[in-house]
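Let me begin by presenting the structure, written as structure tokens, before commenting on it.
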Amino acid sequence: MRCAVLMLTLGLACAAAARADDTAGADAAWRPAASERLVRLPTGYLERAVERDFQDSPLAAALQETARALADRDAGLGELQAAIDVATSDDREALRQRFLEEKQAYLLLMGRRHDLERDRLKAELGLYTRLLDRAGREAVSNDDPAAARLAANRLQSQRRFEGAAAKVDTALFGDPAAAESRYGAEYRRHAAALDRLVAAINAHPVNRTPEIDGRGVDRPAFLRHLAARAEADLALLDQQDLVLAYMAKLLALDAMAMADEIADREAAAAGRPETRDVSAAIGFFVTPN
Amino acid sequence: MRRLMPVLASAWLAGAAAAAAGPLENLERERAQILATLLDPALDPDARPARTAPALRRLVDLERMVLRDPRPESGSDGVAQRAYADYDLTFLAHASVEKGVTPLDLWLERLGLSSSRVLSARVGRR
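Chains as they are written, first to last, in numbering that gives the first Met the number 0: chain A, 0 to 288; chain B, 0 to 125.
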């Protein structure tokens, strides 16, 4: 009877662990938004900002809690396994049953961790996809031919102006009587400050261009790289789910084997008569009375 | 008072529009004023440079403000499209110094009016 309860419990637990539990982590969520702030952040800092946003979420807290519990279970399983190896036959059975129960709890916890991790990766993938869409929309709006023509004319005008500015200064402000205008003097002063600031911004480590395989990439390429990485992690998580399912199956088989073993031993202890072959009774019949 | 409200609202909106005028609009206003002074027949030749020199320096500043304006112009903005399509007319002060001619000569040239064409023109009735 004890065996039947053990098997039923483990069987149900393993099935539950093998299946992804849709409700797990429902209260622990992370909903990152493709906010204006995120869009304006330097590309190299984007990944860190997303990670920081995740760390502040209830989902991260739930994942950390599950990781702690898993570490405890892991240590407990190791200790139990070592104890079984040195246990006497009386304690051994109880320890083996405890080991099975602990493995069942470990699988349940690992299943929950996978669910939480999947929630995180899906949210991350969704965020990078939305940011990519947004970058794409901005690129399309930049494709406006009128705006492109204006930008080209403007650039050409600015280049022509830069080439002639000194000549104009000499011609119009070269005369000592013609003092430089307030705008001109202030602009020069601010421009020098701006140049220094721009140089500092460009050299700032946070503002560094992100690199993939040692090569600098632009924002859309980096976003595509992050999205592909999240996709790969999701695929690997699916594979880990399969590992978990096989572990659950093995656990169920162990439980069945242990239940059989206990049932056999209980039957032997009860001294139930062995069912003998009919030929073994032949001696009762061939000898005359 | 009720009849006055729409008038006040319109005046306020007009004021807001004037306040929102960008450097390009201010540049065009200043350039028109200089050209009007240069073409003013009431001014004698000696008084004209004294009137236009400070205005020309102001025009240089305004042209630089437009050229250095970091705000992206809208592609559908016809004023900006026309302005940047013709550097010589829009940035008259810089273009005239660059080409070594007076702003008025450059402006007339861009409109297709040269001294020789004016001199060869005949007075007639249409």
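Think of the CB as a built atom: it goes at the ideal place given N, C-alpha and C, for glycine as much as any other residue.
None of the values given here were measured: they were computed from a predicted structure.
Under the Cβ distance rule, ALA138/A does not count among the residues neighbouring chain B, no pair being separated by less than 8 Å. Contact between GLY43/A and VAL197/A is ruled out by a C-beta separation of about 17 Å, above the 8 Å threshold.
Across the set LYS98/B, GLN32/B and ALA82/B, the C-alpha of GLN32/B shows the shortest separation from the C-alpha of ALA52/B. Here DSSP, grouped into helix, strand and coil, assigns GLY173/A to coil.
For PHE221/A and LEU124/A, the gap between their C-alpha atoms comes out near 13 Å. Contact between the region 234–243 of chain A and the region 110–123 of chain A is present: three or more C-beta pairs spanning the two stretches fall below 8 Å.
Contacts between LEU196/A and chain B, judged by CB atoms closer than 8 Å, are missing: the closest CB pair is about 14 Å apart. Contacts with chain A at 8 Å (Cβ-Cβ) include GLU97/B. Here ALA84/B is not near ASN201/A, since their CB atoms are 8 Å or more apart. Per the Cβ contact rule, the region 101–113 of chain B is not in contact with the region 166–175 of chain A (fewer than 3 Cβ pairs under 8 Å).
Under the 10 Å beta carbon count, LYS121/A is surrounded by fewer than 16 other beta carbons and is classified as exposed.
Below 8 Å, too few C-beta pairs join the region 95–109 of chain A and the region 24–34 of chain A to call them touching: fewer than three. Distance from PHE90/B to SER156/A at the Cβ level is roughly 7 Å; contact confirmed, criterion being Cβ atoms closer than 8 Å. ARG214/A is bridged by DSSP to ILE211/A. Contact annotation, THR36/B with ARG47/B: C-beta distance approximately 7 Å; criterion of less than 8 Å satisfied. Of all residues in the region 182–196 of chain A, those with a C-beta nearer than 8 Å to a C-beta of chain B are TYR182, GLY183 and TYR186, reading in chain order. Under a criterion of Cβ atoms nearer than 7 Å, the residues of chain B adjacent to ASN152/A are, in order, TYR83 and ALA84.
Taking C-alpha positions only, LEU107/A is separated from ALA258/A by approximately 21 Å.
Taking C-beta atoms as the reference points, TYR127/A and ALA32/A fail to come closer than 8 Å. PRO41/A and THR208/A have their C-alpha atoms some 8 Å from each other. Neighbours of LEU55/B in chain A, taken as residues at a C-beta separation under 7 Å, are given in chain order as LEU171. The C-alpha of ASN25/B is placed about 13 Å away from the C-alpha of ASP68/B. Below the 8 Å Cβ cutoff, chain A contributes SER180, TYR182 and GLY183 as neighbours of ASP60/B, in chain order.
Closer than 8 Å at the C-beta level to chain B, one finds no residue of the region 31–43 of chain A. ALA178/A and VAL167/A have their alpha carbons spaced roughly 14 Å apart. Taking a Cβ-Cβ cut-off of 7 Å, the neighbours of LEU66/B in chain A comprise SER156, GLN157 and PHE160, given in sequence order.
HIS93/B is classed as buried because its beta carbon has at least 16 other beta carbons within 10 Å across all chains shown.
The beta carbon of LEU249/A sits closer than 6 Å to none of the beta carbons in its chain outside the five residues before and after it. Under the DSSP assignment, ASP104/B falls in the alpha helix (DSSP H) whose first and last residues are 102–109. For the pair GLU50/A and LEU225/A, the CB atoms are not nearer than the 8 Å cut-off.
Distance between GLU64/A and TYR105/A, taken at the CA atoms: about 14 Å. Residue environment: ALA82/B is assigned as buried (16 or more neighbouring CB atoms within 10 Å of its CB, all protein chains considered). When ALA79/B, LYS98/B and LEU42/B are compared, the shortest CA-CA separation from ARG148/A is found for ALA79/B. Judged by DSSP secondary structure, ALA94/B falls within the alpha helix (DSSP H) whose first and last residues are 91–98. The three-state secondary structure of SER56/A, taken from DSSP, is coil.
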